[in-house]
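Residue 350 in UniProt numbering sits at position 350 of the sequence shown; the count goes up by one each step and never skips. Even glycine gets a Cβ: it sits at the ideal position worked out from N, Cα and C. What you are looking at is a predicted structure, and each value in this text was computed from that prediction instead of being measured.
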Amino acid sequence: MEDKKLKIIAFLLFIALIILIVVSRVCFDLSKTFFLIAGAGTAAIVAVVLWFTVQYRANKRRRLLELELVSEGTELRIEYSFLRKVAGVPTKFRYKEIEEATDDFKALLGEGASASVFKGVLNDGTSIAVKRIDGEEHGEKEFKSEVAAIASVQHVNLVRLLGYCIVPGGPRYLVYDFISNGSLDNWIFPQREGRNRPFPGGCLSWDLRYRVAIEVAKALSYLHRDCRSRILHLDVKPENILLDENYMAHVSDFGLSKLMGKDESRVITTIRGTRGYLAPEWLLEHGISDKCDVYSYGMVLLEMVGGRRNVRFVEKGVGKSQRKYQYFPKLVSEKIKEGKLMEVVDQRLIEGEGVEEMQVKTLVYTALWCIQERARLRPTMARVVEMLEGRAPVDEPPDTSMVIVDFLSTDDDPHEVNEPRFGTVAAHRIDNGTPSNSTYSFTMSTLSGR
Ligand SMILES: Nc1ncnc2c1ncn2[C@@H]1O[C@H](COP(=O)(O)OP(=O)(O)O)[C@@H](O)[C@H]1O
Ligand SMILES: [Mg+2]
């Protein structure tokens, strides 16, 4: 625009000077005045032409340079976004993109304590799951934990964070790869009739259960041992293990996770998590370590073998203290003592394609090692991988008292999916004359909501 104006001005000046010379020739004939005006006019014309030529060349060079810079910048941008993609660095999304991708949050995939997850598709065709984290303080905390833990990690058995979006004063969003077969609970526990689920479900075969067990152990071992700072997941349960189209496991939901220095042996943190999967030392406020994840993992292993929740509600009493629950881990150790290990296996598998007894023994023994009440007796997750892959011996586990009953503390049915997560300590008492049918009654103190 500037250039165009200059050109017009130079052209008008040029014409005006010529007119001035012509007019002065007519008015002053060939007098001294005419020659003076003609000389000055010609000099001015030469100056204007020179000035214009210099300007034109300078502008041309500037434009060329600009063009070079723009193409270099575009190249750099392309290179940068490519590197971000291959390096798995999460992208910052605009809210509009999230809204369009999810078609205004139409398809709900799941809901947890403080988040809702929606299905979506990005412009390039990638299927995504968008996790919307609500709640001011907790939401912020959960968002930060999740991003801090998962943004820098890469493992085939961990869900991949593609990006995030923050709306000032509003909810926060995390964008994940969509994992098409949903969470493990739909594949190991019998499905409830009449429930409208966004995912398929069924009875996962024994071979796949065993493979999933190894994959989850590998993911946790990677988080505990192979990352720069040790990452504790702290909410390992079937709802947070997702299965893709090939039934490969992807550990997800890092909302409660905690980073731990490699030289730290324990960290103190407020109690959060899901009843039934919380390690006793956490409930007793003794500080936590990677062994808390090992405990929860052991609980999940038993649920995978039995095809049932570890805590089963069997009789409704008038008050909380009269309620009767069946505690599967206790039942399993009793069955081992009676030499009837196969009785604890999911009946659907026994009636179906069958299971391998040696593998059942490996899985159950490993699980019982993992849920030892003394944290130091539990194996590391790396050791668990070796045990499950047959590279380390799996001895018969010692008896453990199983006295922590954090799970028996609320009014709702413990079989509920997406059970609430809690935040304080449960005191406990177990009837000493434990009946042999493994049904126990408990009294407990309060757990407060997060
Ligand atoms: N990447 C994903 N792909 C498919 N489904 C997902 C994905 N992430 C979460 N979900 C679904 O949403 C549910 C809740 O997600 P989660 O991250 O565990 O949230 P919360 O912190 O609320 O528990 C999961 O149990 C699962 O069914
Ligand atoms: Mg969850």
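Can you determine whether any heavy atom of ligand 2 sits closer than 8 Å to the C-beta of residue i, and answer yes or no?
i      : result
Ser252 : yes
Gly112 : yes
Glu146 : no
Asn181 : no
Asp235 : yes
Asn240 : yes
If you draw a straight line from the alpha carbon of residue i to that of residue j, how long is it in whole angstroms?
i           : j      : result
Pro190      : Val236 : 20 Å
Leu232      : Glu351 : 38 Å
Val117      : Thr102 : 10 Å
Ala115      : Arg63  : 51 Å
Tyr222      : Arg192 : 34 Å
His224      : His250 : 16 Å
Leu12       : Ser71  : 36 Å
Thr42       : Leu17  : 8 Å
Ala149      : Leu259 : 7 Å
Gln326      : Asp104 : 43 Å
Ile45       : Arg61  : 24 Å
Lys119      : Lys340 : 44 Å
Thr400      : Thr362 : 18 Å
Lys141      : Glu334 : 42 Å
Leu204      : Asn181 : 11 Å
Ala219      : Leu65  : 50 Å
Gly201      : Trp187 : 5 Å
Val417      : Glu68  : Because Val417 carries a pLDDT of 40, less than 50, the predicted location of this residue cannot be relied on, and no value is offered for it.
residue 505 : Glu97  : The structure shown has nothing for residue 505, since the chain only spans 1 to 450.
Pro280      : Lys291 : 11 Å
Val332      : Gly307 : 13 Å
Arg272      : Glu343 : 33 Å
Leu162      : Arg211 : 26 Å
Arg228      : Glu396 : 34 Å
Val156      : Arg209 : 17 Å
Val147      : Leu302 : 30 Å
Arg230      : Val294 : 14 Å
Sorry if obvious, but does the Cβ on residue i come closer than 8 Å to a heavy atom of ligand 1?
i      : result
Glu343 : no
Ser257 : no
Asp290 : no
Glu142 : yes
Leu232 : no
Glu334 : no
Phe105 : no
Ala219 : no
Ser116 : yes
Ala129 : yes
Tyr173 : no
Asp177 : yes
Val159 : yes
Leu109 : yes
Taking residue i as the reference, which of the options has the closest Cα?
i      : options                        : result
Tyr247 : Val267, Ala213, Leu256         : Ala213
Arg275 : Val300, Lys335, Ser265         : Val300
Arg391 : Pro398, Arg383, Pro397         : Arg383
Ile268 : Ser31, Leu234, Glu245          : Leu234
Cys165 : Ser31, Val159, Ala367, Lys92   : Lys92
Phe14  : Phe52, Phe35, Thr33, Ser31     : Phe52
Ala129 : His155, Gly139, Ser183         : Ser183
Val49  : Ser24, Leu6, Leu69, Ile19      : Leu6
Met387 : Glu338, Arg374, Ala375, Ala367 : Ala367
Residue i: buried (16+ other C-beta within 10 angstroms of its C-beta) or exposed?
i      : result
Asp412 : At Asp412 the pLDDT is 46, less than 50, meaning the model places this residue with poor confidence and gives no usable figure here.
Ser289 : buried
His286 : exposed
Trp369 : buried
Arg429 : Its pLDDT being 28, under 50, Arg429 is placed unreliably in this model, and the coordinates cannot settle the point.
Gln372 : buried
Val26  : exposed
Met381 : buried
Asp124 : exposed
Val314 : exposed
Lys337 : exposed
Arg348 : exposed
Asp431 : Note that Asp431 scores 30 on pLDDT, short of 50, meaning its location in the model is unreliable; the coordinates nonetheless yield the value given after this. So Asp431 counts as exposed.
Where do the N-terminal and C-terminal ends of the beta strand (DSSP E) with residue i fall, by residue?
i      : result
Gln326 : 324-327
Leu243 : 241-243
Arg383 : No beta strand (DSSP E) contains Arg383, which is instead part of the alpha helix (DSSP H) from 381-388.
Ser116 : 115-121
Ile231 : 230-232
Val305 : Not the beta strand (DSSP E): Val305 falls in the alpha helix (DSSP H), residues 290-306.
By the DSSP assignment, the alpha helix (DSSP H) with residue i in it spans what residues?
i      : result
Tyr210 : 206-221
Leu158 : First-last for Leu158: undefined, no H or E at that position.
Asp185 : 185-188
Asp177 : Unbroken run through Asp177 is the beta strand (DSSP E), 172-177; no alpha helix (DSSP H).
Glu111 : Element bounds for Glu111: not the alpha helix (DSSP H) but the beta strand (DSSP E), 108-111.
Val267 : Careful: Val267 lies outside any alpha helix (DSSP H) and carries neither H nor E.
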